[in-house]
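Using this note's numbering, read the sequence shown as starting at 2 and increasing by one per residue.
Just so it is clear, CB atoms sit at the ideal spot from N, CA and C, and this is done for glycine as well.
Accompanying notes for the structure given below.
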Amino acid sequence: MTALVDRWLALPPNLRGILWVGLSGILFALLNVFTLIPAQHLNPYVMAFLRYLFGAMFLLPIVFRLGLHRALHTNRLGLHVSRGAIHTVGMFLWFIALPLTTLAEITALGFTGPIFVTIGAALFLREDVRMRRWMAVFVGFIGAMIIIRPGFSALHLGVLCILISTPIFSASNLISKALARTDSANTIVIWQNIVIVICALPVALWFWQTPQWTDIGWFLAAGLAGTLGHLCQQRGYQLADITLLQPIGFLSLIWNTMLGYFLFFQQPDVWTFVGAAVIFASAMYISHREAVRRAQIKTASSQANPEA
Numbered sequence: 002m003t004a005l006v007d008r009w010l011a012l013p014p015n016l017r018g019i020l021w022v023g024l025s026g027i028l029f030a031l032l033n034v035f036t037l038i039p040a041q042h043l044n045p046y047v048m049a050f051l052r053y054l055f056g057a058m059f060l061l062p063i064v065f066r067l068g069l070h071r072a073l074h075t076n077r078l079g080l081h082v083s084r085g086a087i088h089t090v091g092m093f094l095w096f097i098a099l100p101l102t103t104l105a106e107i108t109a110l111g112f113t114g115p116i117f118v119t120i121g122a123a124l125f126l127r128e129d130v131r132m133r134r135w136m137a138v139f140v141g142f143i144g145a146m147i148i149i150r151p152g153f154s155a156l157h158l159g160v161l162c163i164l165i166s167t168p169i170f171s172a173s174n175l176i177s178k179a180l181a182r183t184d185s186a187n188t189i190v191i192w193q194n195i196v197i198v199i200c201a202l203p204v205a206l207w208f209w210q211t212p213q214w215t216d217i218g219w220f221l222a223a224g225l226a227g228t229l230g231h232l233c234q235q236r237g238y239q240l241a242d243i244t245l246l247q248p249i250g251f252l253s254l255i256w257n258t259m260l261g262y263f264l265f266f267q268q269p270d271v272w273t274f275v276g277a278a279v280i281f282a283s284a285m286y287i288s289h290r291e292a293v294r295r296a297q298i299k300t301a302s303s304q305a306n307p308e309a
């Protein structure tokens, strides 16, 4: 076992980060499967609460091993709370959409995240977004329209919820990336579960439906897959730049399409894949330009402070 650990640690950090995030994509695809079954009859707000309640159970061994103080210690509590509250809203919307759309469609529309991040940076952070990035945003928008095809297919509630939840999850991921600079993956995921359970509880109680015993088994499996997925994702964020990890997300479309087809007989049409490819190309270009911009800022800063 020690030899395997040593060989793992000998790998370049970027490669380890890619492998962690790749594994998280498989786990999140399994999470979709485990939650899709009870989502056919349970209220989405109850679903969101139970998903993270059972997920918290699998974090208890980590808390016992580290000790409560070490597991929860952070100097950025406000950021953890903000991220958890934001993620709760996204989860509510995602669980509303889950039984209404195919897993492939949910995944494909989720690729629009970097597009919304660019728009948000321009509108709220007053970031100078150049024409090339705006063109990439426009191309990504076209990709989303290819999937949705308004006027040719019904623009249903599930699609709208995914489109609204995507920028919310993007904001959550950006915050988690910032938190990964100072806090461990364990601490980030533990605080995420705590805040989401607290935020989701009153809404779940208001819309409460008692789950069936079979649902409990699915939530246990979902809690394990989701918790491990977030732990793997956070470890990947700590090892590699988020721009480098962006292409790995495209693999999620493959996993979710295969699982949706073989387990639930979901048959996404060819336009879902065409639109996903367009969105993905746009997201890749946006991520590339963001990496170039950060490198330019870093170079300018080092030249201005040669002693740093």
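For residue i, which of the options has the nearest alpha-carbon?
i, options, result
"Ile163", "Thr103, Met48, Ile217 and Ile143", "Thr103"
"Leu180", "Pro168, Phe59, Gln235 and Val275", "Gln235"
"Leu16", "Leu254, Gln267, Tyr238 and Gly144", "Tyr238"
"Phe112", "Leu12, Ala30 and Ser253", "Ser253"
"Ile1", "Gly141, Ala105 and Glu106", "Limits of the chain in this structure are 2 at one end and 309 at the other, which puts residue 1 out of reach."
"Leu61", "Phe274, Ser173, Thr228 and Gly276", "Thr228"
"Ala98", "His157, Val64 and Asp7", "His157"
"Gln41", "Leu101, Ile199, Phe281 and Pro14", "Leu101"
"Ala277", "Tyr286, Trp209 and Ala145", "Ala145"
Roughly how many angstroms separate the alpha carbons of residue i and residue j, rounded to a whole number?
i, j, result
"Ala309", "Leu78", "Here the model assigns Ala309 a pLDDT of 45, short of 50, so the residue's position is not dependable, and the following value carries that caveat. Rounded to the nearest angstrom, the two C-alpha atoms are 29 Å apart."
"Arg71", "Ser185", "10 Å"
"Gln193", "Gly85", "5 Å"
"Ile191", "Gly224", "13 Å"
"Ile147", "Asn76", "44 Å"
"Val160", "Thr108", "11 Å"
"Trp135", "Trp214", "50 Å"
"Met48", "Thr36", "8 Å"
"His1", "Phe55", "Lying outside 2 to 309, the shown extent of the chain, residue 1 is not represented and no answer is given."
"Pro168", "Ala284", "13 Å"
"Ile249", "Ala30", "13 Å"
"Trp95", "Glu106", "12 Å"
"Leu232", "Thr188", "10 Å"
"Met58", "Thr3", "28 Å"
What distance in whole Å lies between the Cβ atoms of residue j and residue i, which are believed to be in contact at a cut-off of 8 Å?
i, j, result
"Trp219", "Pro39", "5 Å"
"Leu240", "Gly23", "With 8 Å as the limit, Leu240 and Gly23 do not qualify as a contact, their Cβ atoms being about 12 Å apart."
"Met92", "Ile197", "7 Å"
"Trp256", "Gly26", "6 Å"
- Task: Enumerate, from N- to C-terminal direction, the unbroken alpha helix (DSSP H) stretches of 4 or more residues contained entirely within the segment 221-271.
- Result: DSSP runs (the alpha helix (DSSP H)) wholly in the segment 221-271: 243-246 and 252-265.
- Query: Unbroken alpha helix (DSSP H) runs of length 4 or more, entirely within the segment 159-233: which are they?
  - Reply: Listed in chain order, they are 186-207.
- Taking only runs of the beta strand (DSSP E) that begin and end inside the segment 15-85, which ones reach a length of at least 3 residues, in chain order? Runs found: none.
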